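*Asks:* In this text, residue positions in the sequence shown follow our numbering: the first is 72, and each later residue adds one.
A virtual CB, placed ideally from N, CA and C, is assigned to each residue, including glycine.
Quick caveat: nothing in here was measured; it's all calculated off a predicted structure.
Structure provided below as structure tokens; questions to follow.
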Amino acid sequence: MAPEGLLCRIFIRKQTNRGRGYNVASLEKLRSEIDYLDQEIVKLLERRMLVVTEIMEQKKELKIPIFDPEREKEVLNKVKKYISYNLFQEEIQSIQQTIMESCKKIQSSHLFPYHIYLVGFMGSGKSSVAITLAEMLAKESVEMDQLIENRYGKSINDIFQEDGEVSFRRTEHELLDDVSAKEDKMIISTGGGVVLSDDNVNILKNTGVIVWLKASAAETYNRISQSEDRPLLKNNMSLEKITEMLEERNQYYRSAADFNVETDGKTVKEIGMEIISLLGSVDIEREN
């Protein structure tokens, strides 16, 4: 039934029953109607998800970007035009957004059934990119340094100062082992030194895909020079020191990474789209 007819019928019912109340039979009839409508909604949702799955396969075959933010906006705008009554506009748009997020999650789980680990030097953008990428892929993002701080109940700076780097690295490995074993696949922002341990690298390689976010020494210095929470640079925050550390670390990132993405001069969104494009261009198998 068209929305106009349904609202008209509701109005007639109100007028007819005014002054004499509703009865149980009329309520049960409406409940039956709701049950029928729910069945129809489920059928349509299933059809939509099957079509989305087919689109996903064709996009991958044709090497077309898997996720297109502009297309999402276009769909939402179309749905807005389909709405006949402003009374339900906000709710319907919210439901449509949820449907699209659910479909995106289906695509993401099918295409990327593994953890995505972001590695790179401090200031390379791992935390920001992880959050944005998680939104794009409808996945959860995890910040390893935050988990470590939660475990100790203190900041990274204080951990290094009071407990030492050895204690920090041990806890980092334990938490990485825990996170990597989770069934729900996530976007994981790792600490800058995670690749220094062969055991850590083995975990990363066996359970996910490793994306190295690269930044030049000059760009890194610009990003973190005012930061006070970089314990390894606490007494020597200089371009020279950063250059030295990058030269030492880059060999580890290069050896561990499946892909690398240059981040200089790019927005977080651009970096996220580049990562998705790289991952969507190959077939990758990892342990479940």
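1. Roughly how many whole angstroms lie between the Cα atoms of S179 and P136?
2. Taking all protein chains shown into account, do 16 or more other C-beta atoms lie within 10 angstroms of the C-beta of N41, making it buried, or fewer, making it exposed?
3. With 16 as the cutoff for other CB atoms within 10 Å, does A96 come out buried or exposed?
4. Just mark F138 as buried or exposed, buried being the case when its beta carbon has 16 or more other beta carbons within 10 Å.
5. Flag this pair as yes or no: are the beta carbons of V200 and L284 separated by less than 8 Å?
6. Taking Cβ to Cβ, would you say Y324 is nearer than 8 Å to T261?
7. Using DSSP with H/G/I as helix, E/B as strand and the rest coil, what is G157?
8. Is it true that the segment 189-198 meets the segment 321-338, where meeting means three or more beta-carbon pairs spaced less than 8 Å apart?
9. Along the chain, where does the alpha helix (DSSP H) that runs through G351 open and close?
10. Can you check whether the CB of E172 is closer than 8 Å to the CB of A205?
11. Counting only the same chain and skipping the five closest in sequence on each side, list residues whose C-beta sits under 8 Å from that of L182.
12. Would you kindly work out how many angstroms separate the C-alpha atoms of L267 and K176, rounded to a whole number?
13. Measure from the C-beta of M193 to each C-beta in chain C and report whether the shortest distance is under 8 Å.
14. Per DSSP, which one or two residues make a beta bridge with F330?
15. Could you work out which residue in N94, P140, T291 is closest to G336 when comparing CA atoms only?
16. How long is the line joining the alpha carbons of N321 and M207, rounded to whole angstroms?
17. Tell me the DSSP bridge mates of I258?
18. Since I believe I154 is in contact with I166 (beta carbons under 8 Å), could you give me their beta-carbon distance rounded to a whole number of angstroms?
19. For H244, which residues in the same chain have their Cβ closer than 7 Å to its Cβ, ignoring the five residues on either side in sequence?
20. Out of A288, S287, N273, point me to the one whose CA is closest to I281's CA.
*Replies:* So, to answer that:
1. Sequence index remark: in the sequence shown, residue 179 carries index 108 (1-based). Sequence index remark: in the sequence shown, residue 136 carries index 65 (1-based). Taking the straight line joining both Cα atoms gives about 13 Å.
2. Nothing can be reported for residue 41: it is not among the residues displayed for the chain, which extend from 72 to 359.
3. On the sequence shown, position 25 is the one that residue 96 refers to. By the neighbour-count rule (16 or more Cβ atoms within 10 Å), A96 is not buried but exposed.
4. The sequence position of residue 138 within the sequence shown is 67, counting from 1. By the neighbour-count rule (16 or more Cβ atoms within 10 Å), F138 is buried.
5. Residue 200 sits at position 129 when you count from the first residue of the sequence shown. Residue 284 sits at position 213 when you count from the first residue of the sequence shown. Result yes, Cβ atoms of V200 and L284 sit closer than 8 Å.
6. As a position in the sequence shown, residue 324 is number 253, starting the count at 1. As a position in the sequence shown, residue 261 is number 190, starting the count at 1. It is not a contact, given that the beta carbons lie outside the stated cut-off.
7. As a position in the sequence shown, residue 157 is number 86, starting the count at 1. Note that residue 157 corresponds to Asn in the displayed sequence, not to Gly. Helix at N157.
8. yes
9. Taking the sequence shown and counting its residues from 1, one reaches residue 351 at position 280. Looking at the DSSP string, the run of the alpha helix (DSSP H) that includes G351 is 339-351.
10. Position 134 of the sequence shown holds residue 205. Position 101 of the sequence shown holds residue 172. Going by C-beta atoms, A205 is not nearer than 8 Å to E172.
11. Taking the sequence shown and counting its residues from 1, one reaches residue 182 at position 111. Around L182: M127, K131, I137, L350, G351.
12. Here residue 267 refers to the residue found at position 196 of the sequence shown. Here residue 176 refers to the residue found at position 105 of the sequence shown. The alpha-carbon atoms of L267 and K176 are separated by roughly 33 Å.
13. Protein chain content of the structure displayed is limited to a single chain, and chain C is not contained in it.
14. Walking along the sequence shown from the start, residue 330 turns up at place 259. Looking at the DSSP assignment, F330 forms a beta bridge with V282.
15. Here residue 336 corresponds to residue number 265 of the sequence shown, with the count starting at 1. Selected option, being the one with the closest Cα: T291.
16. Walking along the sequence shown from the start, residue 321 turns up at place 250. Walking along the sequence shown from the start, residue 207 turns up at place 136. The alpha-carbon atoms of N321 and M207 are separated by roughly 28 Å.
17. On the sequence shown, residue 258 is found 187 positions in, with the first residue counted as 1. In DSSP, I258 forms a bridge with I187, S212.
18. Counted from its first residue, the sequence shown places residue 166 at position 95. Counted from its first residue, the sequence shown places residue 154 at position 83. I166 to I154, Cβ: 11 Å. No contact.
19. One-based indexing of the sequence shown puts residue 244 at position 173. Hits under 7 Å: S268, D270, N271.
20. The sequence position of residue 281 within the sequence shown is 210, counting from 1. Checking every option, the nearest Cα to that of I281 belongs to N273.
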